[in-house]
Amino acid sequence: MSDAFDTEKLLDSMDKLRHSQAVDIPKYDFKSYKSNLFPARRVWFGDVQQILYSTSNTHLCF
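Residue numbers (this note's numbering): 147 to 208.
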């Protein structure tokens, strides 16, 4: 079984959003354990209401 949570991609996406860039969020298929079977969802910076991100220890707060 593959790891469904890609921490590196999450942190990269959070950093891009923090810099007002759009990100592509993959849709994970739990039956096949893959995230590349479906088109990714584009999320724009303006769609995000609030992100608290600490760069000192890479923890995310909601």
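The beta-carbon is built from N, C-alpha and C at its ideal position, and this holds for glycine as well.
Look at residue 180 here: in three-state DSSP terms it is strand. DSSP lists 189 as the beta-bridge partner residues of residue 169. For residue 175, there is no enclosing alpha helix (DSSP H), since its DSSP letter is neither H nor E. Listed in chain order, the non-local C-beta contacts of residue 168 below 7 Å within the same chain comprise 188, 189, 190 and 191, local neighbours out to five positions each way being set aside.
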